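In what follows, a single structure is set out as structure tokens and then discussed.
Residue numbers (this note's numbering): -3 to 308.
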């Protein structure tokens, strides 16, 4: 008799990728996939005609339920909200090998977060995970016509909001390539020294910085925009913040964060900050900084993981 656990494992990566894109949280995505597994384990398999459709539909419905409560909690979130940073995007990639299917950039996830839950689900199932609209309709309990409209609205928003030229080309070891590493090194040096002019030269005129501390650690409550304002903000952070990334007991490393060149700041206990850079034509167009410790837990070794309270 086939082992249901073995059958489920064939789809785990796909389910986790769907749930992360739906929820913007690895912790919540793992919970959703675990709940899907429990339902799969308790289902009479002879009634399941297509395991893929059953599992993807179940995960989608669980995520839709979770989004309802997450959005309610989000209203009380302190400051800007960013998705949990991901280093291993390949582990969440669908089987489809297209640019959009492989895109897990923060800009895309923020665009998805602005969609209605049903728009988000219809778009992801059809455009990313290759569900037919008939399958989407079954998953969402809507007509095919309605699902086509949901996906079309979502697609228009995604196409309008996706930035150009910001995806990173990894080096042979899967890390940040030499060109981006050079820019990140220059940025780190200029920021550490507080060189306002040097920082400004690395920024696009319309650059924006978004920081997410979740009210648990110090961070800007609103996005900072414009090269002059961002450069001054970074210099002020350098002077005022006692836990800046160049502290002697911290180490920094370059990594691809959601497919973007980035910097991870580590303490002895694990990561304390990630910074992902949108880079276009050799300058920084956006910087996404996650400092909320809950959103960094999944990046830390298991022995260092701590619970800082529930998060949306």
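Just so it is clear, CB atoms sit at the ideal spot from N, CA and C, and this is done for glycine as well. It should be emphasised that the depicted structure is a prediction, and the values quoted were computed from it without experimental measurement.
Residue i and residue j closer than 8 angstroms at C-beta
i: residue 111; j: residue 153; result: yes
i: residue 207; j: residue 76; result: yes
i: residue 200; j: residue 279; result: yes
i: residue 151; j: residue 123; result: yes
i: residue 28; j: residue 62; result: yes
i: residue 216; j: residue 204; result: no
i: residue 171; j: residue 283; result: no
i: residue 288; j: residue 213; result: yes
i: residue 32; j: residue 58; result: yes
i: residue 66; j: residue 34; result: no
i: residue 131; j: residue 49; result: yes
i: residue 192; j: residue 231; result: yes
i: residue 295; j: residue 266; result: yes
i: residue 320; j: residue 8; result: Since the displayed the chain opens at -3 and closes at 308, residue 320 lies outside it and no answer follows.
i: residue 235; j: residue 190; result: yes
Spatially closest choice to residue i from the options, by CA coordinates
i: residue 147; options: 221, 113, 174 and 176; result: 113
i: residue 149; options: 176, 175 and 117; result: 117
i: residue 55; options: 45, 25, 89 and 66; result: 25
i: residue 99; options: 129, 277 and 255; result: 255
i: residue 158; options: 64, 197 and 105; result: 105
i: residue 262; options: 60, 272, 248 and 274; result: 248
i: residue 188; options: 211, 227 and 156; result: 227
i: residue 183; options: 281, 221 and 90; result: 281
i: residue 6; options: 43, 51 and 140; result: 51
i: residue 292; options: 144, 16, 21 and 4; result: 21
i: residue 144; options: 190, 72 and 115; result: 115
i: residue 178; options: 155, 209, 273 and 90; result: 273
i: residue 97; options: 17, 81, 70 and 275; result: 17
i: residue 173; options: 46, 30 and 275; result: 275
i: residue 250; options: 92, 176 and 210; result: 176
i: residue 69; options: 37, 3, 137 and 210; result: 210
i: residue 60; options: 109, 223, 234 and 222; result: 109
i: residue 222; options: 202, 133 and 233; result: 202
i: residue 233; options: 260, 41 and 186; result: 186
i: residue 268; options: 156, 80 and 194; result: 80
i: residue 44; options: 4, 86, 30 and 195; result: 4
i: residue 155; options: 195, 107, 133 and 73; result: 107
Whole-angstrom C-beta distance between residue j and residue i, which should lie under 8 angstroms
i: residue 135; j: residue 53; result: 4 angstroms
i: residue 264; j: residue 245; result: 7 angstroms
i: residue 120; j: residue 102; result: In fact, because the Cβ distance is near 16 angstroms, the residues do not count as touching under 8 angstroms.
i: residue 13; j: residue 88; result: 4 angstroms
Residues bridged to residue i [DSSP beta-bridge criterion]
i: residue 269; result: 261
i: residue 183; result: Paired residues: none, contrary to the question.
i: residue 70; result: DSSP output for residue 70 lists no bridge partner at all.
i: residue 250; result: 259
i: residue 274; result: 282
i: residue 221; result: 204
Range covered by the alpha helix (DSSP H) that runs through residue i
i: residue 10; result: 8 to 19
i: residue 32; result: 22 to 37
i: residue 101; result: Per DSSP, residue 101 belongs to no alpha helix (DSSP H) and is neither H nor E.
i: residue 148; result: 140 to 157
i: residue 46; result: Note, residue 46: premise wrong, no alpha helix (DSSP H); not H, not E.
i: residue 80; result: Note, residue 80: premise wrong, no alpha helix (DSSP H); not H, not E.
i: residue 130; result: 129 to 136
i: residue 114; result: 113 to 119
Endpoints, the beta strand (DSSP E) within which residue i is located
i: residue 202; result: 199 to 208
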